[in-house]
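Peer 1: Okay, here's the structure, questions in a sec.
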Amino acid sequence: MNGKDMLEWMNDLDDKAVVDADITPIRVKKRNGWKIGISVAAGVLAVALLTYVLYPYIKGKNNSKPDVTTGDGSSAIETQVLKVFEMAAPVYPASQSIKTTGEKYDEYLAYYTDITRTVLSDKVGENKVFSPLCMYMSLSMIAETSAGDTRQQILNILHQPDIESSRESAKSIWLSNYMDNGEDKLLLANSLWTNSGWTYEQGLMDLLASEYFASSFSGDPSDPDYSSAYREWLHDQTDGLLDEFLGDAQLDPGMVMTLVSSVNFSGKWEGRFSYPEEGVFHGTSGDVTTPFYKSDAGIRTYTGEHFISADAKLEGNGSVRFILPEEGMTPEQLLEDEELFTFMNDRVPEWDALEPTRRDPTVMKNPTLVMPLVDFSSGFDMKKYLRKMGVTDAFDNSRSDFTPLSKDGQGGLFISAIEHDARIMIDEDGCRAVAATIGTIGYGEPNFYDQIVLDRPYIVEIVSESGLPIFVGIVNNVE
Amino acid sequence: MKDGDIVNLFLARDEKALRVVADQYGTRLNGVSFRITRNMETAEECVNDTYLEAWYRIPPSEPRNYLQAFLYKIVRAKSLNRIIHDHRLKRQAYVDELTTELEQCIPSKSNIEEEMDGKVFADAVNRFILTQSDEKRKVFIRRYFYMDTSSQIAERFGYSDNKVRTMLYRMRQELKSFLEKEEIL
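Note that the protein sequences, when read in sequence, are chains A and B.
Residue numbers for the first sequence follow this note's numbering, beginning at 1077 and rising by one.
Residue numbers for the second sequence follow this note's numbering, beginning at 325 and rising by one.
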């Protein structure tokens, strides 16, 4: 008896069960030809999305809206034949002009350190993932729509001296990282959903289209068709992988503008992961027996004073880095370690810059990475984190300044909500989300460990091909 | 036409039965075979062979209530036979992948050289899948009867690839325990 016999014997499975399994309705629609789960490829997936809404000073003060009502009191918007129209559309650069430019991302990395520490140190013991890149794009655009101290506070957390530098940095990051070769991808997308009852500065919409590749739409936020177009956009940009959070998304009827950024990544492992063996993951919620996958191809390691890191290379689309804290230390505690961010932010593989003792005898020769499968989502209300980082005026209608966006709401517009949702999927084939390579050099010194076994909470980071950290999270538990 | 009426045509040796079966089930049978063989021409041959075999097997068989499953099983067996023996189809690696997975269900104490009655095995698997939830049972059958890839299953049910692989892995482990407990192998 062997597996081949067993496969043949499956022919005698129960008739009803066989027929039932063939009439299961297909519940996932394919969109834009993109296939979810790139078979022997996409493993890690991380998608991020961020929304912010500007409200009129007095919520529901529709009478103050300019000229939107007809004589009979009904809304002019309701009579529009075209319910959703595009105010500005980006002109995407030719694909050959989108390439890794080798730009330095010093400001981004400084921002990355701050926001990662702030966000991931919260919700201790839970799984969590977010995309600093997604947040960066949104914050850069919010800075464009604001002025005065409101703008300056945002620029401060982006570590940008002025709006011109911020704009240049965001565009450079977009151009250096956007990629889509049909199988592997790092897709960045921005959109603005405006209220047709308000007047906006067209120049700003055009600038956001040309510099941030943002599409702008206009419609009545209380119109179900407008919300439907909004959901469709979200679904398409995230391949439906965030429907758990966004499947019922509605535009708030009282909003002046909703801004959305998304990041969608997928990549295949360069080396194969073998058939799984069962092991125990010691999570914060208890021990769980789960399949673990092994690979020793394309794994590079670095051992810090309080952590071990393994980089698993993706085919032409960056890498995923797994950082395991030393025994007894939680990932949240490790976030305070200075060496961790020195290591994470050093996208150029020149470890000579570090003290020799740091890399000496602890570098593995032929390391094996042993990992569980991961698939989880996180939702964050970013207001509290941004407040903690010094952005206060944008949320306070008595101090906020969004005059570059619309003169209608001068002195009355503020950010009412800012949410961030992300998902990461890592399996033996690869990763879906965002990825990047970080140079981790393995010196041929004596072996200290020969395996990195991710059997307890760890940090996971996805880095793009250009070296930009795009997703970061903490795995405290597995399924 | 109802399955019972189609079977009556077979029993009456009326060749119209073949046309009705082709109209009613031809596309699905092609789909089942193509998913296994990945070759349109081979799939068509397997489906034609299926009609012929159904002609010879009814009577004595009278699958009035399970004609679809009856046809599926014939076409699956023929398609599987083709990919195992026809190396031009280049499906050996996929068969190996599935057989390796199924071998994980063989209890460690069993003697793999020992002869085994396929019917006994299938009966045990049938009892096992009846203990599973509806969704798990369907995933298992899609994988080992229809021979779908995990990504095809994921797409069909709206799951992640990860989830499908983990579900299958766990079900194989459970099946192994079940077979040990029932002392089947």
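Beta carbons: idealized from backbone N, C-alpha and C, even for Gly.
Bear in mind that the values here come from a model prediction, so they are computed numbers and not experimental data.
#1: May I ask you to report which of helix, strand or coil DSSP gives A/VAL1554?
#2: Just mark A/VAL1356 as buried or exposed, buried being the case when its beta carbon has 16 or more other beta carbons within 10 Å.
#3: From A/TRP1274 to A/GLY1330, what does the alpha carbon distance come to, in whole angstroms?
#4: Of all the CB atoms in chain B, is at least one closer than 9 Å to the CB of A/ILE1538?
#5: Could you compute how far the alpha carbon of B/ILE360 sits from the alpha carbon of B/LEU404?
#6: Between the stretch 1466-1484 of chain A and the stretch 353-373 of chain B, can you find at least three pairs of beta-carbon atoms closer than 8 Å?
#7: Where in the stretch 348-378 of chain B do unbroken runs of the beta strand (DSSP E), each at least 3 residues long, occur, reported from the N-terminal end onward?
#8: Could one say the Cβ of A/MET1501 lies closer than 9 Å to chain B's Cβ atoms, at least one of them?
#9: Looking at chain A, is there any beta carbon in it that lies within less than 9 Å of the beta carbon of B/LEU422?
#10: From A/GLU1353 to B/HIS409, what distance separates their C-alpha atoms?
#11: Which residues, in order along the stretch 474-504 of chain B, keep a beta-carbon less than 9 Å from a beta-carbon of chain A?
#12: Assuming A/HIS1043 contacts A/GLU1402 under a Cβ cut-off of 8 Å, what Cβ separation, rounded to an integer in Å, is found between them?
#13: Going by beta carbon distance, what residues of the same chain come within less than 7 Å of A/GLY1279, once the five residues before and after it are set aside?
#14: Does the separation of the CB atoms of A/GLY1549 and A/ILE1494 fall below 9 Å?
#15: Under 9 Å, Cβ to Cβ, is there at least one residue of chain B near A/PRO1545?
#16: Give a yes or no on whether 9 Å exceeds the smallest Cβ distance from A/GLY1079 to chain B.
#17: Taking any Cβ of chain B, which residues in the stretch 1443-1461 of chain A have a Cβ under 7 Å from it, in chain order?
#18: Determine the DSSP secondary structure at A/TYR1187, reduced to helix, strand or coil.
#19: Taking the Cβ atom as the reference point for each residue, do A/LEU1449 and A/THR1366 lie within a distance shorter than 9 Å?
#20: Going by DSSP, which residues form a beta bridge with A/MET1447?
#21: Would you list, in chain order, the members of the stretch 446-465 of chain B that have their beta-carbon closer than 7 Å to a beta-carbon of chain A?
#22: According to DSSP, what are the bridge partners of A/TYR1549?
#23: Answer with yes or no whether the minimum CB distance from B/TYR390 to chain A is below 9 Å.
#24: Determine the closest residue to A/LEU1196 out of A/ARG1475, A/SER1292, A/GLY1455 and A/ASP1260, with distance taken between C-alpha atoms.
#25: Along the chain, where does the beta strand (DSSP E) containing A/ASP1497 start, and where does it finish?
#26: Between the Cα of B/ARG467 and the Cα atoms of A/TYR1254, A/LEU1089 and A/GLY1201, which residue gives the shortest distance?
#27: Please state the DSSP three-state secondary structure of A/ILE1102.
#28: Just to make sure I have the definition right: I need the residues of chain B whose C-beta is within less than 7 Å of the C-beta of A/ASN1087. Which are they?
#29: Are B/PHE445 and A/TRP1345 touching if we call contact CB-CB under 9 Å?
#30: Please tell me whether A/GLU1084 has its Cβ less than 9 Å away from any Cβ of chain B.
#31: Assuming A/SER1453 and A/ASP1503 are in contact, meaning their beta carbons sit under 8 Å apart, how far apart are those beta carbons, in whole angstroms?
#32: DSSP on A/PRO1352, reduced to helix/strand/coil?
#33: Comparing C-alpha positions only, which one of A/MET1405, A/LEU1411 and A/THR1334 sits nearest to A/THR1221?
#34: Spatial neighbours of A/HIS1358 within its chain, please: C-beta separation below 7 Å, excluding the five flanking residues on both sides.
#35: Going by the CB atoms, is the gap between B/LEU499 and B/VAL419 shorter than 9 Å?
#36: Given B/GLN392, which residues of its chain have a CB within under 8 Å of its CB, disregarding the five upstream and five downstream residues?
Peer 2: Based on what the coordinates show:
#1: As a first step, residue 1554 of chain A must be located in the first sequence, where it is residue number 478. DSSP places A/VAL1554 in coil when its eight states are reduced to three.
#2: By one-based count along the first sequence, residue 1356 of chain A stands at place 280. Exposed, by the Cβ-count rule.
#3: The count along the first sequence starts at 1 and reaches residue 1274 of chain A at position 198. The count along the first sequence starts at 1 and reaches residue 1330 of chain A at position 254. When rounded, the distance between both Cα atoms is 11 Å.
#4: Within the first sequence, the letter at position 462 stands for residue 1538 of chain A. No - not a single Cβ of chain B is within 9 Å of the one on A/ILE1538.
#5: Along the second sequence, read from residue 1 onward, the residue named residue 360 of chain B stands at position 36. Along the second sequence, read from residue 1 onward, the residue named residue 404 of chain B stands at position 80. B/ILE360 and B/LEU404: Cα-Cα distance of roughly 7 Å.
#6: Result no; under three Cβ-Cβ pairs closer than 8 Å.
#7: Runs found: none.
#8: Position 425 of the first sequence, counted from the first residue, corresponds to residue 1501 of chain A. Chain B, which has a Cβ nearer than 9 Å to the Cβ of A/MET1501, makes this yes.
#9: Residue 422 of chain B sits at position 98 when you count from the first residue of the second sequence. Under the Cβ distance rule, B/LEU422 counts among the residues neighbouring chain A, one pair being separated by less than 9 Å.
#10: On the first sequence, residue 1353 of chain A is found 277 positions in, with the first residue counted as 1. On the second sequence, residue 409 of chain B is found 85 positions in, with the first residue counted as 1. Approximately 31 Å, taken between the alpha carbons.
#11: Of all residues in the stretch 474-504 of chain B, those with a C-beta nearer than 9 Å to a C-beta of chain A are SER474, SER475, GLN476, ALA478, GLU479, ARG480, PHE481, GLY482, TYR483, SER484, ASP485, ASN486, LYS487, VAL488, ARG489, THR490, TYR493, ARG494 and GLN497, reading in chain order.
#12: Nothing about residue 1043 of chain A can be read from this structure; chain A reaches only from 1077 to 1555.
#13: By one-based count along the first sequence, residue 1279 of chain A stands at place 203. If you ignore the 5 residues before and after A/GLY1279, its C-beta comes within less than 7 Å of no other C-beta in its own chain.
#14: Sequence index remark: in the first sequence, residue 1549 of chain A carries index 473 (1-based). Sequence index remark: in the first sequence, residue 1494 of chain A carries index 418 (1-based). Contact: no.
#15: As a position in the first sequence, residue 1545 of chain A is number 469, starting the count at 1. A/PRO1545 does not count as touching chain B.
#16: Counted from its first residue, the first sequence places residue 1079 of chain A at position 3. At least one CB of chain B lies nearer than 9 Å to the CB of A/GLY1079.
#17: Answer in chain order: LEU1449 and ASP1451.
#18: Counting from 1 along the first sequence, the entry for residue 1187 of chain A is found at position 111. Looking at A/TYR1187 - three-state DSSP - the assignment turns out to be helix.
#19: Within the first sequence, residue 1449 of chain A is the residue found at index 373, counting from 1. Within the first sequence, residue 1366 of chain A is the residue found at index 290, counting from 1. Yes, the Cβ-Cβ distance between A/LEU1449 and A/THR1366 is below 9 Å.
#20: The residue labelled residue 1447 of chain A in the question sits at position 371 within the first sequence. Bridge partners of A/MET1447: A/TYR1369.
#21: Within the stretch 446-465 of chain B, the residues whose Cβ lies closer than 7 Å to some Cβ of chain A are ALA446, VAL449, ASN450, ILE453, ARG461, LYS462 and ILE465, listed in chain order.
#22: For the purposes of this step, residue 1549 of chain A is taken as the residue at position 473 of the first sequence. Note on identity: in this sequence residue 1549 of chain A is Gly, with Tyr being the wrong assignment. For A/GLY1549, which the question treats as bridged, DSSP gives the partners A/VAL1205 and A/VAL1536.
#23: As a first step, residue 390 of chain B is located in the second sequence; it is residue number 66 there, counting from the start. The C-beta of B/TYR390 comes closer than 9 Å to at least one C-beta of chain A.
#24: Walking along the first sequence from the start, residue 1196 of chain A turns up at place 120. For A/LEU1196, the closest of A/ARG1475, A/SER1292, A/GLY1455 and A/ASP1260 by C-alpha to C-alpha distance is A/GLY1455.
#25: Taking the first residue of the first sequence as position 1, residue 1497 of chain A is located at position 421. Residues 1490-1502.
#26: In the second sequence, the residue the question calls residue 467 of chain B occupies position 143. Residue A/LEU1089 is the option with its Cα nearest to B/ARG467.
#27: Taking the first residue of the first sequence as 1, we reach residue 1102 of chain A at position 26. Confidence at A/ILE1102 is low in this model, with a pLDDT of 35, below 50, so the placement of that residue is unreliable and no value is reported for it.
#28: Locating residue 1087 of chain A in the first sequence gives position 11, counting from the first residue. Going along chain B in sequence order, the residues near A/ASN1087 (Cβ under 7 Å) are LYS397, ARG400 and ALA401.
#29: Counting from 1 along the second sequence, the entry for residue 445 of chain B is found at position 121. Counting from 1 along the first sequence, the entry for residue 1345 of chain A is found at position 269. At least 9 Å separates the beta-carbon of B/PHE445 from that of A/TRP1345.
#30: Counting from one through the first sequence, the residue named residue 1084 of chain A turns up at place 8. Taking Cβ atoms only, chain B reaches closer than 9 Å to A/GLU1084, which makes this a yes.
#31: Indexing the first sequence from 1 puts residue 1453 of chain A at position 377. Indexing the first sequence from 1 puts residue 1503 of chain A at position 427. The Cβ separation is near 15 Å, so there is no contact.
#32: Against the first sequence, residue 1352 of chain A aligns to sequence position 276. DSSP places A/PRO1352 in coil when its eight states are reduced to three.
#33: Locating residue 1221 of chain A in the first sequence gives position 145, where the first residue counts as 1. The shortest Cα separation from A/THR1221 among A/MET1405, A/LEU1411 and A/THR1334 belongs to A/THR1334.
#34: Indexing the first sequence from 1 puts residue 1358 of chain A at position 282. Residues of the same chain with a CB within less than 7 Å of the CB of A/HIS1358, apart from the 5 flanking positions on each side, are ASP1531 and ARG1532 in chain order.
#35: The sequence position of residue 419 of chain B within the second sequence is 95, counting from 1. The sequence position of residue 499 of chain B within the second sequence is 175, counting from 1. The Cβ-Cβ distance between B/VAL419 and B/LEU499 does not fall below 9 Å.
#36: By 1-based counting over the second sequence, the position of residue 392 of chain B is 68. Closer than 8 Å at the Cβ level, and outside the excluded window around B/GLN392, lie ASP327, TYR349 and ARG352.
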